[in-house]
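Novice: Provided herewith is a single structure, encoded as structure tokens, for subsequent inquiry.
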Amino acid sequence: MPELLDERPINAPDSPVRAGIFVQNITKTYKGGKVKALSALSLEIHPGEALGLVGPNGAGKTTLLSCLMGFLRIDSGSILIDGEVPDALTTRQLVGYLPERLTFDRWMTGRDYMQYHHELAGMPESTRKSDCEILLERVELPPSTWSMAVKKYSRGMLQRLGFAQALVGKPRYLLLDEPASGMDPSGVLIVRQLLKTLKQDGLTILLNSHQLDQIEKVCDRVAFLKEGSVNRIEDMHVKIEQEENLIIRWLAHTTELGVEDFGRIAQKECLNIAEINNDFARVSTASSAATVKLIKALVAADFPINEVRSEDTRLERLFINSSKEGS
Amino acid sequence: MNRAVCITTWREFKANKVRIIMLTLLFLAPLVVFTMRRCTSPEALNEDLLSHPCMASLFTLLWAAGVIGREVQNGTIALVLARPISIATYVYSKWFAVAFAASLCAVEAVFCEHIISAVNSPALLWQTEFLTNSVERVLLCFGTAAFLILLSSLVSGLKDLALLAGFGFIFMTLATVGSMVHHLCAAANFDAELARGLAKSVEHIFVGIIYPYIPLSVFFSGDLFAVGSLISYSTLITCSLALAIKVLTRKEFSYAAD
Ligand SMILES: Nc1ncnc2c1ncn2[C@@H]1O[C@H](COP(=O)(O)OP(=O)(O)O)[C@@H](O)[C@H]1O
Ligand SMILES: [Mg+2]
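Chains A and B are the protein sequences, given in the same order. Basically the numbering used here = 1-based index in the first sequence + 937. Basically the numbering used here = 1-based index in the second sequence + 40.
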């Protein structure tokens, strides 16, 4: 997708300006200090990485993104994006933003909207039409809807248009606030695929999403936000040993072996058998090594298993644990 | 000045049916009135019947109402400011877009009126009064637009109309109180030169803000009054735009849930 790439020179490695987004100790309150949205939050986003932002409703994710865009003024602390403050015009050239609740001039058509933002972003007029069409195709908005007024768009279509809009200025940083909300399953897949491609192209992505599987598949690191500060940061490339919850199915009609046999074999390798049925069981093992052993044992006993899958993902377990921790 | 912001402002106006209807009415009403007058009173034949330059203020009001406030209300302003566009550029663009469009409408209206006069009595075609009138209107549009942009930047939606009404109300109240004081003083045989002077100045300031009119005929005669109006005119534009920029710079545009 070379058309979408940011071709601006990147700071030389010895330049005093550090590339990346540096958030230091920021606080942000609403209503004259009555509502605390962010407190002493620090975060670094390195060039080229995708950072996921996870947290319960009201944790301050949208507020953080708005601060990074310079829409909100922080009470204290500092934010630097490639060494510049968020509301500097040079910074705005580098950042693409998809807000949580999209706003549109309702009378515009999808194509108008893209071309408007293309011009606002200061992109050359000669490539305006083609750039916008490429982007609309990237988010798979059908061409028949390009000349439709956006007031006739469905929620998912608006979201796709919003995503295309975020890419219009060839951004180096992409701040996305729940990009897949309101989208149909195919939209969700497109977003996931697009995020992967953009990351490969070297964009730095900050992704706030409630879709943990999406974050898990795209992000290098995940920051857990809680009550306005970063609770923990998880590196998704570092494997960790933790309990695994599995769902196992087998072809009951092809075998003499029954539920009791499964129980006997599983007992040795499992921490816990939560549920067991004629052709189906939910168990938990201590680690992935234990899972391997369990599968081996079942296969060795000629148990006709045809499916083993994780009941929840690593991020889901972390999320649940981190929500539990505080309360 | 940003082309995209200007063009979008115009296109948005075009997409609003109510405003288009009001614009048409504003355009047609004086024409109809003058045509009727020409048909009924023969002595009107010898003068060019042009509407008052204050029509330009109405056109400006129609174009300017909520021009920034509605963007704040809808939240579209944040996505514009997320682009490399400074708030100053945004405000200047909105001001220019409003003033230019309103000028165009106002000047077009004068031309139509002039043509209608000329159709009735062709000798009027070469009168230049309508040209002076047009220039006065353009100046009026740019001045009024600056003040209305300021009002629109202060509030969201169309609430700037309420602000304008409030402003007018304060002016009326002050004027009433002023004249009452004047009468009381006169009744008590008390010479209140200072109070009268003060009331006059306040009135001038208010009128200068709401109706920044520069009478060109007086201007070219070298009257001191004309210089004063020129100074207050340029002050109005500079201060209004600077204040609007200041107000918008201090505003926060939140996408977070309240
Ligand atoms: N405009 C606002 N006025 C007052 N409080 C707000 C406003 N926006 C957000 N908040 C509060 O700030 C906190 C963080 O909100 P938000 O950033 O929207 O969280 P998230 O996006 O993680 O769900 C919440 O407690 C919310 O109620
Ligand atoms: Mg949010």
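Ideal Cβ placement from N, Cα and C applies to all residues, glycine included.
Would you give the residue range spanned by the beta strand (DSSP E) that A/Asp-1172 belongs to?
Specialist: By one-based count along the first sequence, residue 1172 of chain A stands at place 235. Its beta strand (DSSP E) spans residues 1166–1172.
Novice: Report the neighbours of B/Gly-115 on chain A: residues whose CB is nearer than 7 Å to its CB, in chain order.
Specialist: Counting from 1 along the second sequence, the entry for residue 115 of chain B is found at position 75. The contacting residues are Thr-1040.
Novice: Looking only at its chain, what residues have a beta carbon closer than 7 Å to the beta carbon of A/Leu-1231, apart from the 5 residues adjacent to it on each side?
Specialist: The residue labelled residue 1231 of chain A in the question sits at position 294 within the first sequence. Residues Ala-1203, Glu-1206, Cys-1207, Thr-1222 of the same chain have their beta carbon placed closer than 7 Å to that of A/Leu-1231, with the five preceding and five following residues left out of the count.
Novice: Mind checking which residues open and close the alpha helix (DSSP H) that includes B/Asp-263?
Specialist: Residue numbering aside, residue 263 of chain B sits at position 223 when the second sequence is read from its first letter. Looking at the DSSP string, B/Asp-263 is not in any alpha helix (DSSP H), and its letter there is neither H nor E.
Novice: Excluding the five sequence neighbours on either side, which residues of its own chain have a C-beta within less than 7 Å of the C-beta of A/Val-1245, listed in chain order?
Specialist: Counting from one through the first sequence, the residue named residue 1245 of chain A turns up at place 308. Closer than 7 Å at Cβ, skipping near neighbours: Leu-1183, Ile-1185, Ile-1232.
Novice: Mind checking whether the beta-carbon of B/Lys-240 lies closer than 8 Å to any heavy atom of ligand 1?
Specialist: Along the second sequence, one-based indexing puts residue 240 of chain B at 200. No; taking the cut-off as 8 Å, the Cβ of B/Lys-240 has no heavy atom of ligand 1 nearer than that.
Novice: Roughly how many angstroms separate the alpha carbons of B/Trp-166 and B/Asn-173, rounded to a whole number?
Specialist: Within the second sequence, the letter at position 126 stands for residue 166 of chain B. Within the second sequence, the letter at position 133 stands for residue 173 of chain B. If you take the alpha carbons of B/Trp-166 and B/Asn-173, they lie about 14 Å apart.
Novice: Quick one: is the Cβ of A/Phe-996 within less than 8 Å of any heavy atom of ligand 1?
Specialist: The residue you call residue 996 of chain A lines up with position 59 of the first sequence. This sequence places Ala at residue 996 of chain A; Phe is not what is there. Yes, the beta carbon of A/Ala-996 sits closer than 8 Å to at least one heavy atom of ligand 1.
Novice: What are the complete beta strand (DSSP E) segments, minimum 3 residues, inside the stretch 1098–1172 of chain A?
Specialist: 1110–1114, 1141–1145, 1158–1163, 1166–1172
Novice: For B/Tyr-295, decide whether its Cβ has a neighbour in chain A, counting only Cβ atoms nearer than 9 Å.
Specialist: Locating residue 295 of chain B in the second sequence gives position 255, where the first residue counts as 1. At least one chain A Cβ lies under 9 Å of B/Tyr-295.
Novice: If you reduce the DSSP assignment to three classes, tell me which class A/Gln-1030 lands in.
Specialist: Taking the first residue of the first sequence as 1, we reach residue 1030 of chain A at position 93. Of the three classes helix, strand and coil, the one that applies to A/Gln-1030 here is helix, per DSSP.
Novice: Count the other CB atoms within 10 Å of the CB of A/Asp-1068; is the residue buried (16 or more) or exposed (fewer)?
Specialist: Position 131 of the first sequence holds residue 1068 of chain A. Counting Cβ neighbours within 10 Å, A/Asp-1068 comes out buried, since at least 16 surround it.
Novice: Helix, strand or coil, according to DSSP, for B/Asn-42 in the structure here?
Specialist: Working through the second sequence from its first residue, we reach residue 42 of chain B at position 2. Here B/Asn-42 sits in coil by DSSP.
Novice: Mapping DSSP to helix, strand and coil, what is A/Val-972?
Specialist: The residue given as residue 972 of chain A occupies position 35 in the first sequence. In this structure, A/Val-972 counts as strand in the three-state DSSP scheme.
Novice: Using the beta-carbon of each residue, which ones in chain E are nearer than 7 Å to A/Trp-1044?
Specialist: The structure shown has no chain E; the protein chains it does contain are A and B.
Novice: Counting Cβ pairs, one atom from each stretch, are 3 or more of them under 8 Å apart for the stretch 989–996 of chain A and the stretch 966–973 of chain A?
Specialist: no
Novice: For a test of your reading of the model: does the CB of A/Lys-968 fall under 8 Å from any non-hydrogen atom of ligand 1? Yes or no.
Specialist: Taking the first residue of the first sequence as position 1, residue 968 of chain A is located at position 31. Yes, the beta carbon of A/Lys-968 sits closer than 8 Å to at least one heavy atom of ligand 1.
Novice: Taking the CB atoms as reference points, tell me whether A/Ala-1160 and A/Val-1105 lie closer together than 9 Å.
Specialist: Working through the first sequence from its first residue, we reach residue 1160 of chain A at position 223. Working through the first sequence from its first residue, we reach residue 1105 of chain A at position 168. Their beta carbons are not under 9 Å apart, which means A/Ala-1160 does not touch A/Val-1105 by this criterion.
Novice: What residues in the stretch 1104–1115 of chain A bring their beta carbon closer than 8 Å to a beta carbon of chain B?
Specialist: Gly-1106, Asp-1114
Novice: Decide if B/Lys-134 is buried, meaning its Cβ has at least 16 other Cβ atoms within 10 Å, or exposed.
Specialist: For the purposes of this step, residue 134 of chain B is taken as residue 94 along the second sequence, with counting starting at 1. Result: buried.
Novice: Whole-angstrom Cβ separation of A/Leu-975 and A/Gly-997, contact assumed at under 8 Å?
Specialist: Translated into positions along the first sequence, residue 975 of chain A becomes position 38. Translated into positions along the first sequence, residue 997 of chain A becomes position 60. That belief holds up - the Cβ atoms of A/Leu-975 and A/Gly-997 are roughly 5 Å apart, short of 8 Å.
Novice: Can you find a C-beta in chain A that's less than 9 Å from the C-beta of B/Asn-160?
Specialist: In the second sequence, counting from the first residue as 1, residue 160 of chain B sits at position 120. No, its Cβ sits nowhere closer than 9 Å to a Cβ of chain A.
Novice: Taking B/Asp-88 as the reference, give the member of B/Met-62, B/Ser-192, B/Phe-170, B/Thr-64 with the closest Cα.
Specialist: Within the second sequence, numbered from 1, the residue matching residue 88 of chain B stands at position 48. Of B/Met-62, B/Ser-192, B/Phe-170, B/Thr-64, the residue nearest in Cα terms is B/Phe-170.
Novice: Taking the alpha-carbon positions, what's the A/Ser-1264 to A/Asn-1168 distance?
Specialist: Against the first sequence, residue 1264 of chain A aligns to sequence position 327. Against the first sequence, residue 1168 of chain A aligns to sequence position 231. Residue placement at A/Ser-1264 is poorly supported in this model, since its pLDDT is 48, which falls under 50; the coordinates are not used for a value here.
Novice: For A/Gln-961, which three-state DSSP category applies?
Specialist: For the purposes of this step, residue 961 of chain A is taken as residue 24 along the first sequence, with counting starting at 1. Three-state result, A/Gln-961: strand.
Novice: If we require 3 or more residues per run, which beta strand (DSSP E) segments fall completely within the stretch 1171–1249 of chain A?
Specialist: 1181–1187, 1209–1213, 1217–1222, 1242–1247
Novice: Would you report the Cα separation of A/Glu-1178 and A/Ser-1224, rounded to the nearest angstrom?
Specialist: Working through the first sequence from its first residue, we reach residue 1178 of chain A at position 241. Working through the first sequence from its first residue, we reach residue 1224 of chain A at position 287. The straight-line gap from Cα to Cα measures roughly 5 Å.
Novice: Could you pull the DSSP bridge partners for A/Tyr-967 from this structure?
Specialist: Counting from one through the first sequence, the residue named residue 967 of chain A turns up at place 30. Bridge partners of A/Tyr-967: A/Val-972.
Novice: Comparing the CB of A/Thr-1278 with every heavy atom of ligand 2, is any distance shorter than 8 Å?
Specialist: No answer is possible for residue 1278 of chain A: it lies beyond the span of chain A, which begins at 938 and ends at 1264.
Novice: A/Arg-1043 and A/Val-1087 look like a contact to me (Cβ under 8 Å); what is the Cβ gap, rounded to whole Å?
Specialist: Position 106 of the first sequence holds residue 1043 of chain A. Position 150 of the first sequence holds residue 1087 of chain A. Contact holds; Cβ gap of about 6 Å.
Novice: Is any heavy atom in ligand 1 found nearer than 8 Å to the beta carbon of A/Asn-1145?
Specialist: Start at 1 with the first residue of the first sequence, and residue 1145 of chain A comes out as number 208. Answer for A/Asn-1145: yes, Cβ within range of ligand 1.
Novice: List the residues of chain A that B/Val-58 touches, going by C-beta distances under 8 Å, in chain order.
Specialist: Locating residue 58 of chain B in the second sequence gives position 18, where the first residue counts as 1. In chain order: nothing, as chain A lies at least about 13 Å away.
Novice: So does the stretch 1007–1014 of chain A actually touch the stretch 1081–1095 of chain A, counting three or more Cβ pairs closer than 8 Å?
Specialist: no
Novice: Three-state secondary structure (DSSP) at A/Gly-1014?
Specialist: One-based indexing of the first sequence puts residue 1014 of chain A at position 77. Correct three-state label for A/Gly-1014: strand.
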